[in-house]
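Shown next, in structure tokens, is the structure this report addresses.
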């Protein structure tokens, strides 16, 4: 009876936390639609969103177009990308059982960025690349992220176990190599491609449109669902791979699903918005520190918290220097870098 009551209380607590995060995301979403260089009253935002019920009386065509063609797709893209980066970071940390692991550190982001840059710079001159069309950039970024992830994993694996020190060193080495190859690719780029890459490398959702939203949703829906479905396996892996195996977890299948799923969502995010760092590091840790390490909460919570963080970062990027805009990657780096330094100084004290 006591155990059932404890489980019931824990489930209620998880639902309460997730519900509160969802409500906070909704509030930020409404504020994000209202605020900016062209402010729109909240009442008119509600009229546009619920137009069929509230009507469009008093809403100008300009306000309607700004909301539906600029801010709403930008908001949805920021939420999807933030959620994808957050959940990928949570899954990779759970898989490798290390609080310092995140998509950028182990090479997912840099591999995706390298292949995305190759496609951007050489895509128009190589027939087989240009024939891939709008799916080529996403596909190439996914392949790059997946290749880098598996290289890091193989280099850090010994006798079926992952050496975390080797994993981080391999990630640093491959990040450096990817950075050098990106520089080499940019060396052959023209001025327009160089300028585009500069802004893209800082991370930006300013070019959001409904096509990008559909691409992000289409490429991330299935892998995010698969990652969320691995919460029990990740809880078992927290005590060790051999112990998880004896508990009935297919360890190799879990590794494959998480690595491929993380590479796909991060690769898609990088292709569409550029490299946005620290989301996959900061978000899972805040959840673990505040609410514990149960992946039944950490995994879906990281998606919501990642969406909250990137929505807030985008809102700051659009309002801090209005009417100009600051690249969103700068905001996340300013928020994430001090946290990463604090984490390095206190890593032994943090619950894993």
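Residue numbers (this note's numbering): 279 to 630.
All residues carry an ideal CB built from backbone N, CA and C; glycine is no exception.
Collapsed DSSP secondary structure at residue i in the structure displayed
i	result
residue 508	coil
residue 310	helix
residue 498	helix
residue 435	strand
residue 487	coil
residue 351	helix
residue 616	helix
residue 535	helix
residue 516	coil
residue 296	helix
residue 395	helix
residue 319	coil
residue 503	helix
residue 376	coil
residue 427	helix
residue 592	helix
C-alpha gap between residue i and residue j, whole angstroms
i	j	result
residue 497	residue 361	13 Å
residue 628	residue 618	Unreliable positioning characterises residue 628 in this predicted model, as indicated by a pLDDT of 48, which lies under 50. The coordinate reading is nonetheless provided below. Computed Cα separation, rounded: 12 Å.
residue 299	residue 562	14 Å
residue 464	residue 420	20 Å
residue 569	residue 378	18 Å
residue 541	residue 535	10 Å
residue 539	residue 515	18 Å
residue 224	residue 471	The first residue shown for the chain is 279 and the last is 630, placing residue 224 beyond what the model contains.
residue 608	residue 551	13 Å
residue 340	residue 317	12 Å
residue 479	residue 506	29 Å
residue 347	residue 328	16 Å
residue 365	residue 526	24 Å
residue 455	residue 475	18 Å
residue 320	residue 356	20 Å
residue 432	residue 530	13 Å
residue 610	residue 602	18 Å
residue 489	residue 620	39 Å
Buried or exposed (CB count within 10 angstroms, at least 16 for buried), residue i
i	result
residue 520	exposed
residue 381	buried
residue 487	exposed
residue 691	An answer regarding residue 691 cannot be provided, because it is not within the stretch 279 to 630 covered by the chain.
residue 376	buried
residue 623	exposed
residue 443	exposed
residue 528	exposed
residue 457	exposed
residue 712	No information on residue 712 is available, as it lies outside the stretch 279 to 630 that the chain covers here.
residue 571	buried
residue 499	exposed
residue 518	exposed
residue 616	exposed
residue 522	buried
residue 462	exposed
residue 493	buried
residue 415	buried
Chain-order list of residues whose beta-carbon lies under 8 Å from that of residue i (same chain, five-residue window excluded)
i	result
residue 430	384, 385, 445, 448, 449, 452
residue 306	586, 589, 590, 593
residue 600	314, 315
residue 427	384, 385, 386, 389, 537, 540, 541
residue 502	361, 362, 365, 539, 543, 581
residue 477	552, 605
residue 564	583
Sub-8 Å separation of residue i and residue j beta-carbons
i	j	result
residue 417	residue 558	no
residue 524	residue 574	no
residue 350	residue 303	no
residue 337	residue 322	yes
residue 495	residue 358	yes
residue 549	residue 388	no
residue 614	residue 560	yes
residue 481	residue 606	yes
Sequence-distant residues of the same chain with beta carbon closer than 7 Å to residue i, five excluded per side
i	result
residue 597	313, 314
residue 354	491
residue 604	595, 598
residue 644	The displayed coordinates of the chain run from 279 to 630. Any statement about residue 644 would go beyond what the structure contains.
residue 363	381, 544, 547, 554, 557, 558, 584
residue 533	373
residue 345	311, 318, 323, 326
residue 290	none
residue 292	574, 575
Neighbourhood of residue i by C-beta, 6 Å cutoff - its chain only, sequence neighbours within 5 removed
i	result
residue 467	399
residue 301	none
residue 370	379, 540
residue 460	392, 395
residue 352	483, 486
residue 343	none
residue 512	372, 573
residue 424	541
Closer than 7 Å: residue i CB and nearest the ligand PLP heavy atom
i	result
residue 460	With respect to the ligand PLP, the structure offers nothing, as it holds no ligand at all.
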